[in-house]
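Here's the structure we're looking at; comments come further down.
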Amino acid sequence: MEVVVKSIGAQVIENHENLSGADAIRENHLLVQGLNDIDALETLKTLMSGPRSIIGSAVSGTNELWERTIENFRQRVVVDNQSIAGHEVAGHTVLYNQLAYAYELGLMLVQGHVIHPNQPIQYRELGMLLYRHHLQDEKENLEKGKFRNIWTYVTKLFYGKWIKIDDLDDKQKRKLARKLKLDTTNLLEFAENDNADWDKKTVFHAWEHDRSAEKYACVFRFLQNHGVQPSDAAKFIENFSDKDHGAKLGGIESKDRSDNRQNSTPKPLSENAIKQRDEYKARGENPANGDVIELDKPDKLPDTVQFGRAMFKVVGKKLVIVGYDALEQAAYDKHVIARGKSMIEAEKVALEQHQETEKKLDGAAMDLGRALYQKLFDKHREQVSSMLEAGLNSDEIAEKLLGQLGMIEVVQNNTNHLQHFADLA
23 MEVVVKSIGA QVIENHENLS GADAIRENHL LVQGLNDIDA LETLKTLMSG
73 PRSIIGSAVS GTNELWERTI ENFRQRVVVD NQSIAGHEVA GHTVLYNQLA
123 YAYELGLMLV QGHVIHPNQP IQYRELGMLL YRHHLQDEKE NLEKGKFRNI
173 WTYVTKLFYG KWIKIDDLDD KQKRKLARKL KLDTTNLLEF AENDNADWDK
223 KTVFHAWEHD RSAEKYACVF RFLQNHGVQP SDAAKFIENF SDKDHGAKLG
273 GIESKDRSDN RQNSTPKPLS ENAIKQRDEY KARGENPANG DVIELDKPDK
323 LPDTVQFGRA MFKVVGKKLV IVGYDALEQA AYDKHVIARG KSMIEAEKVA
373 LEQHQETEKK LDGAAMDLGR ALYQKLFDKH REQVSSMLEA GLNSDEIAEK
423 LLGQLGMIEV VQNNTNHLQH FADLA
């Protein structure tokens, strides 16, 4: 009789379908726990291509397998970086193979599964991993379908490191607490409110993704959109070349960004954004600017050319334009808006610096006035008393005292201090 040996993945699916919840969890946990790294990955592949109910289920053990598989990938990244830094191997070959493997894993995460018939497609396993890595906003946007490149979330999971919360200063803890949407008033205990059910990391560690790796999201999207298989990904990257965007990894990233800019619908500007844009444009092309010169349109310039960039030279009192490049209005607007923004921001900085200087001077004047009036009062106490008995008011007393010192102008410029001076009596 032929003996059929079932794969671990097949056994997990069978347990999931035939055993009660508690029994299935126990049996599948024992099966998954004893796997080596290679078998763990193969089992994960089997489960991710299995029945929809398996995906993201605690009963199936996919959560544990994903955490283990991703952590193994991160360790590979560390080893790869050390090899590249030590010039032990060809750096680009190591990186391309690493990206091909990340692409293979990522494909299993980005092939969405419908959780509820009346809700939009969600990515159950990916959402679970985002949640466990404190990427709450990303998880919410994923569930609502509010993302431009889902591979950005994959790179945030695959590339990064866990940091100990105890190693953060108060400012960093507050920033993290706000990100996790937790109470920031108790910095010593805020982490305990998080996912205490996932191992030890969620209580004492925070996930910090590597922002420099986010560019790989463009590469992964390009590979997926062009139907590249994981086994061919490294070779595809190595051989890629585009006359407009370049070759290899950089060329793919540039081409993907360009393709998706062309295919995307620009988000409508808000009223405030439109108002600010118009303000920048008006400032940038204002005739009052020293480098904005208005001339009559030359007869040689075709009516079809409305925007452009010219080269010129000055000959005596004449301006000689030697060639020009026609521009689209969008290019002209971009230039003028950038100019205007730079000017306005520079003026704001100058104004803030001036106001700060004036504030310091006003404070110094106040301090000087108080000291001056106190010294005058102490020195002429008896004279001030006599004047008060004679019925003089505060302004008259101060004017007489300072007038004796040739300081009448001080009285006129410091009326607030004069009142203070009279109050001392």
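Remember, our numbering sits 22 above the position in the sequence shown when you count from 1.
Beta carbons are placed, not taken as given, at the ideal position from N, Cα and C, and that holds for glycine.
Worksheet entry | Counterpart residues of Leu341 in DSSP-defined beta bridges | Beta-bridge pairing by DSSP links Leu341 to Val336.
Discussion item. In the DSSP assignment, the beta strand (DSSP E) including Gly149 goes from what residue to what residue?
Written reply: It is not in any beta strand (DSSP E) - Gly149 instead sits in the alpha helix (DSSP H) that spans 146-154.
Worksheet item: Roughly how many whole angstroms lie between the Cα atoms of Leu423 and Asp192?
Response: Leu423 and Asp192 have their C-alpha atoms roughly 55 Å apart.
Worksheet item: Are the beta-carbon atoms of Tyr175 and Glu160 separated by less than 8 Å?
Response: In this structure, Glu160 lies closer than 8 Å to Tyr175 by Cβ.
Item to complete: Go through its chain and collect everything with a Cβ distance to Lys183's Cβ below 7 Å, but skip five positions before and after it.
Response: Once the five neighbours on either side are set aside, the close Cβ partners of Lys183 are Glu230.
Worksheet entry | Closer than 7 Å: Asn308 CB and nearest the ligand ATP heavy atom | Among the components of this structure there are no ligands whatsoever, and the ligand ATP is therefore not found.
Worksheet item: Can you tell which of Gln133, Val132, Asn94 has the C-alpha that lies nearest to the C-alpha of Gln120?
Response: Comparing alpha carbon positions, the residue from Gln133, Val132, Asn94 closest to Gln120 is Asn94.
Worksheet item: For Glu230, does the three-state DSSP call read helix, strand or coil?
Response: Glu230 carries a strand assignment under DSSP once its states are collapsed to helix, strand and coil.
Worksheet item: What residue does the beta strand (DSSP E) around Ile185 start on, and which one ends it?
Response: Note, Ile185: beta strand (DSSP E), 182-186.
Discussion item. Once the 5 residues before and after Leu148 are set aside, which same chain residues still bring their CB inside 6 Å of it?
Written reply: A distance below 6 Å between beta-carbons, with the five flanking residues on each side excluded, links Leu148 to the following residues of its chain, in chain order: Leu131.
Practice prompt. Kindly confirm or deny that the segment 323-335 and the segment 343-356 touch, where touching means at least three C-beta pairs closer than 8 Å.
Written response: The answer is yes - the segment 343-356 touches the segment 323-335, with three or more Cβ pairs under 8 Å.
Worksheet item: So does the segment 301-308 actually touch the segment 359-374, counting three or more Cβ pairs closer than 8 Å?
Response: Cβ pair count under 8 Å is three or more, so yes.
Fill in: Anticipated Cβ contact below 8 Å, Ile185 with Ala235, distance rounded
About 16 Å separates the two Cβ atoms, so there is no contact after all.
Fill in: CB-CB length for Cys240 against Glu293, believed under 8 Å
In this structure Cys240 does not touch Glu293 by the C-beta definition: roughly 32 Å separates them, more than the 8 Å allowed.
Worksheet item: When you compare only the Cα positions, how much space is there between Gln104 and Arg279?
Response: Cα-Cα distance, rounded: 30 Å.
Worksheet item: Which of helix, strand or coil does DSSP assign to Ile77?
Response: Per-residue confidence for Ile77 stands at a pLDDT of 49, beneath the threshold of 50, marking its modelled position as unreliable; no derived number is given.
Worksheet item: Buried or exposed: where does Lys277 fall if 16 or more other Cβ atoms within 10 Å of its Cβ makes it buried?
Response: In the assembly as shown, Lys277 is a buried residue. Its beta-carbon has 16 or more other beta-carbons within 10 Å.
Worksheet item: By how many angstroms is the C-alpha of Lys197 removed from the C-alpha of Leu210?
Response: Any answer about Leu210 is weak, because its pLDDT of 46 lies below 50 and its placement is not dependable; what the coordinates show is given next. Between Leu210 and Lys197, the alpha-carbon positions lie close to 14 Å from each other.
Practice prompt. Give a yes or no on whether the C-beta atoms belonging to Leu117 and Thr91 are separated by under 8 Å.
Written response: For Leu117 and Thr91, no; Cβs fall outside 8 Å.
Worksheet item: The alpha helix (DSSP H) spanning Asp389 covers which residue range?
Response: Its alpha helix (DSSP H) spans residues 351-401.
Worksheet item: Quick one: what does DSSP say Asp318 is sitting in, helix, strand or coil?
Response: Correct three-state label for Asp318: coil.
Discussion item. If the criterion is Cβ atoms closer than 8 Å, does the pair Leu152 and Leu127 meet it?
Written reply: Not a contact, by the Cβ cut-off of 8 Å.
Item to complete: Kindly indicate which three-state DSSP category Trp220 falls into: helix, strand or coil?
Response: Annotation note: pLDDT 39 at Trp220 (below 50); position unreliable, coordinate value reported separately. Shown here, Trp220 sits in coil according to DSSP, grouped into three states, outside any helix or strand.
Discussion item. Along the chain, where does the alpha helix (DSSP H) containing Lys237 start, and where does it finish?
Written reply: Following the DSSP letters along the chain, one finds Lys237 in no alpha helix (DSSP H), marked with neither H nor E.
Worksheet item: For Ala112, which three-state DSSP category applies?
Response: It is coil, neither helix nor strand.
Fill in: Nearest to Trp88 (by Cα), restricted to the options Arg170, Ile60, Ile106
Relative to the Cα of Trp88, the nearest Cα in the group Arg170, Ile60, Ile106 belongs to Ile60.
Worksheet item: Mind checking Thr177: buried by the 16 CB within 10 Å criterion, or exposed?
Response: Buried: at least 16 other Cβ atoms inside 10 Å.
Worksheet item: My guess is that Ala256 and Ala352 are in contact by the Cβ rule of under 8 Å, so how many angstroms apart are they, rounded?
Response: The beta carbons of Ala256 and Ala352 sit about 38 Å from each other, so the pair does not count as a contact at 8 Å.
Worksheet item: Three or more beta-carbon pairs under 8 Å between the segment 399-411 and the segment 382-389, yes or no?
Response: Contact fails: fewer than three Cβ-Cβ distances are below 8 Å.
Discussion item. Within a Cβ cutoff of 8 Å, which residues of the same chain sit near Leu164, ignoring the five residues on either side of it in sequence?
Written reply: Within the same chain, Leu164 has close Cβ partners Gln144, Tyr145, Leu148, Gly149, Leu152, Ile172, Tyr175.
Practice prompt. Report the residue from Phe262, Ile187, Leu271 whose alpha carbon sits nearest the alpha carbon of Gly113.
Written response: With distances taken between Cα atoms, Gly113 lies closest to Leu271.
Fill in: Cα-Cα separation, Glu421 to Leu383
Each residue's Cα considered, the two are about 24 Å apart.
Worksheet item: What is the rounded straight-line gap between the Cα of Gln246 and the Cα of Gln158?
Response: The alpha-carbon atoms of Gln246 and Gln158 are separated by roughly 26 Å.
Item to complete: Report the residue from Asn85, Val101, Asn282, Tyr354 whose alpha carbon sits nearest the alpha carbon of Arg154.
Response: Per the C-alpha coordinates, the member of Asn85, Val101, Asn282, Tyr354 positioned closest to Arg154 is Asn85.
Practice prompt. From the DSSP output, in three-state form, read off Gly268 for me.
Written response: Gly268: strand per DSSP, three-state reduction.
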